Amino acid sequence: MQCEGGMMEITSVNVEQMKTNAIEVSELLKTMAHPERLMVLCQLINGEVGVGELQQSSMLSQSAFSQHLTVLRKQNMIKARKESQQVFYSLSDPRVVQLIQSLQTIFCN
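See the structure below:
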């Protein structure tokens, strides 16, 4: 892929290789597709963040927000580290970092 004037130009795609990974790719994108989960991933791009700080940017109840964190953990996109009573989250899938950076470039620059 090449980027010209903010638009990505696809120069070639290995369709057979993508076909073998299509289910995994679609599951990853489906998990990221919810706005709350996407924003959690964006907040974690620069490193570990406490659960309280993560939830501050959400309008969801603690219970609903926790369910989204569980989805991200089950998909191995984030990992949790407990320190005393506080839980800290960080990204655990390097592909997520690349995807978030690409989304930032496409939608925010």
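Using the numbering used here, the letters of the sequence shown map in sequence onto residues 8 to 116.
C-beta atoms are modelled at their ideal positions from N, C-alpha and C, and glycine is treated no differently.
Note that the structure is predicted; figures quoted are calculated from it, not measured.
Take Q93, set aside five residues on each side of it, and the residues of its chain with a beta-carbon closer than 7 Å to its own are G57, in chain order. Under DSSP, K37 forms no beta bridge with any residue. In the structure shown, the three-state DSSP call for V20 is coil. Here L98 is bridged, per DSSP, to I85. Taking 8 Å as the upper bound for CB-CB distance, E55 and S97 are in contact here, some 4 Å apart.
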